[in-house]
Each structure stands twice: as C-alpha cells, then as structure tokens.
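Under the working numbering, the first residue of the sequence shown carries the number 135, and numbering increases by one thereafter.
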Amino acid sequence: MFKKIFQIFLFCVIISLNLLAQTKSNANAKIVVDSYLLNQNHTIPIGILIELENDWHIYWRNPGDSGMPTSIDFDLPDGVTISEIRWPAPKAFEYDGLASYGYEKQVLLLADLLVPENYALSSIEITADLKSLICKDVCIPFNTSVSTEVDLVNNFKADNQISRLFSETVRGLPGVKQNIDFSVKLNDEFITFKIHNPEIKPAEIESLYFLPYQNGIFKNSIDQKFLQKENNSELVVEFDHFRIEEPKEIYGLLVYDFGNPDKSRKVYEIKKLLIN
Numbered sequence: 135m136f137k138k139i140f141q142i143f144l145f146c147v148i149i150s151l152n153l154l155a156q157t158k159s160n161a162n163a164k165i166v167v168d169s170y171l172l173n174q175n176h177t178i179p180i181g182i183l184i185e186l187e188n189d190w191h192i193y194w195r196n197p198g199d200s201g202m203p204t205s206i207d208f209d210l211p212d213g214v215t216i217s218e219i220r221w222p223a224p225k226a227f228e229y230d231g232l233a234s235y236g237y238e239k240q241v242l243l244l245a246d247l248l249v250p251e252n253y254a255l256s257s258i259e260i261t262a263d264l265k266s267l268i269c270k271d272v273c274i275p276f277n278t279s280v281s282t283e284v285d286l287v288n289n290f291k292a293d294n295q296i297s298r299l300f301s302e303t304v305r306g307l308p309g310v311k312q313n314i315d316f317s318v319k320l321n322d323e324f325i326t327f328k329i330h331n332p333e334i335k336p337a338e339i340e341s342l343y344f345l346p347y348q349n350g351i352f353k354n355s356i357d358q359k360f361l362q363k364e365n366n367s368e369l370v371v372e373f374d375h376f377r378i379e380e381p382k383e384i385y386g387l388l389v390y391d392f393g394n395p396d397k398s399r400k401v402y403e404i405k406k407l408l409i410n
C-alpha cells in the first residue's frame, strides 16, 4: 500500500516538475526600466517584458473566447504609486471559429512609477506578481513574481536595446487623442458603428474591427462586416448570444488593416457612454 502511494506521489511530482520546466523554458518575464532624469516629482518609466518561445502566446486584458486575462499586481513601498498598465494592441488568434487576443514572441507592458517629492529612501524595490496563461497546442499557467531595485539618487541611463524597445512600444500604442468621430446604433443582435476618421481614406481599408476591453458582451471575432462609403465607414459588431449583461459603454480598440504591405495597421482607443 505504502509503495503504491509513493508511486502516485512520485508521478505527481514528476508531472509538476515537467510543467514547471515547460513554463520556464517557454516564457519568462522581468521588470525593465527606461532612462530617467531625477527631478522634484519622479516619474520613472518601467515595463514588464514578457518573452515567449516560438509559437507560444500570452493573453491580452480581454482574452477572447479562450485563455485568461493577463493580470499584474504591484507591491510598492508606502507613498509610491503606479499608473495603469498601457497595453499594446494585441494580435487575434482564430481557431475552429473561436477568437482569442494576445501576444507572441515578445511584449512590453508599460507603466509609470510615481515617486513623491522629497521621498525619504535613496532606492526602492518594486515587485510585480503576474498571472496569466501561455498557449501553443496546450495551455500552461504562467504565474511569476519579478522584482527590481530603482535608484532614487542618481540619474539612470538604460541599455540602448531596452530604450529602443520602450520607444518602439510607445509608438505602437493605440492612439488615445484623435479626430475620430463615431456614432453607434444598437438592436438586439448587433451594434452598428458609423465612423468618420479624417486620417484614413475608406478606400485604403482592407479590414476594420473592434476589440472590446470587456469580455462577454460582444462576439469575439476580427471578421466583422464593414462598409466603405465616401467619407465614412460602417462597422457591424455582433453581440455575444450569451452575453453577461447589456453594454453600458463602448470602450476598446478600433483596428484598421490595409492592403498595402508598406503601411502598418492603425489602432485607436475609443470610448462612448451609451444612454438608455
């Protein structure tokens, strides 16, 4: 009897170690810090850098039909605060009619560390607890804790590669302040966007789709119907047939893809309260 219990225990340990080894080899995370100059009000740019092996992906704040949202909780010294995470626009992964949203290869999730004036400490340690899921043909929990020390006495110059990564990520963030004008019309099955974007000619658009921040209200898909007009675009987004609630606002990303390979996609954050 004891031998059988020991064999079962040993089997569980081996499986756990294999899963742990897979997770460590297929993804890793660390806190990185961009260059900063110290002044009276310290704003220090930081990021969670997640690197994945080929063909593996991790999930966005809205994972879509599968997976789980990536979450990050920071442990900070008293008096120090941090901004909200700034998420790069995700990629859509579609399989058997299901769509999920996330990142492959590498992603930098940005935030600003805010240190008050005349802070007493000369350095601080920050810790981030990350919880997510990484997937290929199987999915594995990716839960890790990462930390770093930040100097509050001397100016800091980051490695050129890290600074370049911060710059590229910032340039690729969804546009928040723009001249997009849009209205929406709802019925029981879908919502219709009427969009005027002076930055983009409707004839250039190959595909247009909306990625909501909240899961469970809209059908997850990038195959959304859109109609090009002379000065406007119309986009139809289906509701999830099993939606958890009626939408109170439109909040998420509007993504334009172009047929021209030399022109990269454009992504805008849009938000509108819905009046019942």
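Yeah, the Cβ is synthetic: ideal placement off N, Cα and C, and Gly gets one too. Predicted, not measured: the structure shown is a model, and the values here were computed from it.
Taking 8 Å as the threshold (C-beta atoms), are residue j and residue i in contact?
| i | j | result |
| --- | --- | --- |
| Ile192 | Thr177 | no |
| Glu383 | Lys353 | no |
| Ile404 | Ser367 | no |
| Ala292 | Val167 | yes |
| Trp98 | Asn160 | Given a span of 135 to 410 for the chain in the structure shown, any question on residue 98 remains unanswerable. |
| Ala245 | Tyr235 | no |
| Arg377 | Ile351 | yes |
| Gln312 | Tyr390 | no |
| Tyr163 | Leu264 | It is worth fixing the name first, because residue 163 is Ala in this sequence and not Tyr. Yes, they are a contact pair. |
| Ser257 | Val284 | yes |
| Ile314 | Lys400 | no |
| Met202 | Leu267 | yes |
| Ile206 | Ile182 | yes |
| Thr303 | Leu387 | no |
| Tyr170 | Asn294 | no |
| Tyr237 | Pro224 | yes |
If you follow the alpha helix (DSSP H) that residue i is part of, which residue opens it and which one closes it?
| i | result |
| --- | --- |
| Ser301 | 294 to 305 |
Between which two residues does the beta strand (DSSP E) carrying residue i extend?
| i | result |
| --- | --- |
| Ala262 | 257 to 269 |
| Glu228 | 225 to 229 |
| Pro222 | Unbroken run through Pro222: none, as it is neither H nor E. |
| Val371 | 367 to 372 |
| Ser341 | 339 to 346 |
| Gly198 | 191 to 198 |
| Asp207 | 205 to 209 |
| Glu403 | 400 to 407 |
| Ser279 | 273 to 285 |
| Ser317 | 315 to 320 |
| Ser234 | 232 to 238 |
| Lys328 | 324 to 330 |
| Leu186 | 176 to 186 |
| Leu419 | Shown here, the chain extends from 135 to 410; a query on residue 419 therefore has no answer. |
| Gln358 | Per DSSP, Gln358 belongs to no beta strand (DSSP E) and is neither H nor E. |
| Val166 | 161 to 167 |
Report the option in the options whose CA atom is closest to the CA atom of residue i.
| i | options | result |
| --- | --- | --- |
| Phe360 | Asn349, Tyr347, Glu228, Ser341 | Ser341 |
| Glu259 | Ser281, Ile351, Ser301 | Ser281 |
| Ala233 | Lys239, Leu264, Asn196 | Asn196 |
| Asp332 | Thr303, Asp322, Glu364 | According to the sequence shown, residue 332 is Pro rather than Asp. Pro332 has its Cα closest to that of Glu364, out of Thr303, Asp322, Glu364. |
| Ser200 | Asp271, Lys239, Glu218 | Asp271 |
| Gly393 | Pro336, Pro211, Tyr237, Trp221 | Pro336 |
| Leu369 | Pro395, Glu380, Asn349, Ile329 | Ile329 |
| Pro346 | Tyr385, Asp322, Asn252 | Tyr385 |
| Ala254 | His375, Ile180, Ile219, Pro211 | Pro211 |
| Arg220 | Asn277, Tyr229, Glu228, Pro179 | Pro179 |
| Tyr229 | Pro222, Glu218, Gly198 | Gly198 |
| Asp322 | Asn349, Glu372, Ser297, Thr278 | Glu372 |
| Asp209 | Ser279, Pro222, Cys269, Cys273 | Ser279 |
| Leu299 | Gln240, Asn252, Gly231 | Gln240 |
| Pro381 | Asn349, Phe276, Pro222 | Asn349 |
Since residue i contacts residue j with CB under 8 Å, what's their CB separation in whole angstroms?
| i | j | result |
| --- | --- | --- |
| Phe324 | Phe316 | Actually they do not touch by this definition, with Cβ atoms about 15 Å apart. |
| Val214 | Leu172 | Incorrect: roughly 14 Å between the Cβ atoms, too far for contact. |
| Phe344 | Gln358 | 7 Å |
Within the present structure, is the beta-carbon of residue i separated from the nearest heavy atom of the ligand NAP by less than 7 Å?
| i | result |
| --- | --- |
| Tyr343 | In terms of ligand content, the structure shown is empty, and the ligand NAP therefore cannot be addressed. |
*Flag this pair as touching only if the segment 186 to 202 and the segment 292 to 309 have three or more C-beta atom pairs under 8 Å; answer yes or no.*
no
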